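Only one structure is covered here, and it is reproduced in the block below.
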Amino acid sequence: MSSYNILMQKLIINKFKTLGIAYSPYDISKYENFLLLMQKWNKVFNLTSIVDLDDMIHRHLVESLAFVPHLSGTAVADIGSGAGIPGVPLAISNPDKHFTLIESRAKRARFLRHVVGELKLKNITVKETRVEKMSLSEAFDVAVVKAVIDPSKLFGLVEHLLSDNGIILVLTNDSFLDNNIYEEQKFKFIPISDFLVKNIKGSLIRIERKVYKGVR
Numbered sequence: 162m163s164s165y166n167i168l169m170q171k172l173i174i175n176k177f178k179t180l181g182i183a184y185s186p187y188d189i190s191k192y193e194n195f196l197l198l199m200q201k202w203n204k205v206f207n208l209t210s211i212v213d214l215d216d217m218i219h220r221h222l223v224e225s226l227a228f229v230p231h232l233s234g235t236a237v238a239d240i241g242s243g244a245g246i247p248g249v250p251l252a253i254s255n256p257d258k259h260f261t262l263i264e265s266r267a268k269r270a271r272f273l274r275h276v277v278g279e280l281k282l283k284n285i286t287v288k289e290t291r292v293e294k295m296s297l298s299e300a301f302d303v304a305v306v307k308a309v310i311d312p313s314k315l316f317g318l319v320e321h322l323l324s325d326n327g328i329i330l331v332l333t334n335d336s337f338l339d340n341n342i343y344e345e346q347k348f349k350f351i352p353i354s355d356f357l358v359k360n361i362k363g364s365l366i367r368i369e370r371k372v373y374k375g376v377r
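Convert by adding 161 to the 1-based position in the sequence shown; the result is the number in this note's numbering.
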């Protein structure tokens, strides 16, 4: 193992210990190799603008793992997965759940398939398509998103993929909950606050259907 690999593992472990993130040596190896693959492919495919190692660990691993305590069910969709964030770290930490990474851009989808093969992540399926074009017979329990669009528009794009009780978890930098217009939506926007969320950049929001007199 190279000195750089050792450094990366130490930085990941130290960050996880500081924030109380559970891990195993197996997990750390997977996270490390995922970041190494991202660094390698980023030189050609421009997968991410985050290149500092400390920032990669925090933004790509820690922020992804902030979703973990709030996942329900067994079928999870990562909408607009890009470089596999948050889907790949979540799949590593949740081998009992199946993750479908939805990515329309060919180069990024190719990278995701390579990651799945290299890391032997049998609980990931990559779909190279736009989310609005997907039609699945098996609905998802949770859709996870690192949003670059107005979160109020997400349910319109994703609702057809969700189970009856399905929810969206979105990590966003927007302070959109301050706007009263969202009270008129047919969906509930519930901010999540826990120790890990307080240590990441952005807000984690749970979006679910409102219930009126027992009817959605």
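Every residue, glycine too, gets a C-beta built ideally from N, C-alpha and C. Just so we're clear, the structure is a prediction, and the values are computed from it rather than from any experiment.
What do you reckon, is the C-beta of residue 216 under 6 Å from a heavy atom of the ligand SAH?
-> In the structure shown, the ligand SAH is absent, as is every other ligand, since no ligand is present at all.
Is it true that the region 196 to 214 meets the region 269 to 278, where meeting means three or more beta-carbon pairs spaced less than 8 Å apart?
-> yes
Residue 342, DSSP secondary structure in three states = Interpretation of residue 342 is limited by its pLDDT of 48, a score under 50 that renders its predicted location unreliable; no figure is taken from the coordinates.
Would the beta-carbon of residue 292 fall within 7 Å of that of residue 285?
-> no
Does DSSP put residue 381 in a helix, a strand or coil?
-> With the chain represented from 162 up to 377, any question about residue 381 goes unanswered, as that position is not in the structure.
With distances taken between CB atoms, is the gap from residue 250 to residue 222 smaller than 7 Å?
-> yes
Sequence-distant residues of its chain with Cβ nearer than 7 Å to residue 214 (five each side left out) | 169, 172
Using the beta-carbon count (16 or more within 10 Å), is residue 341 buried or exposed?
-> Note that residue 341 has pLDDT 47, beneath the 50 cutoff, so the model's placement of it is unreliable and no number is given.
Expressed to the nearest angstrom, what Euclidean distance is found between the alpha-carbon atoms of residue 300 and residue 235?
-> 11 Å
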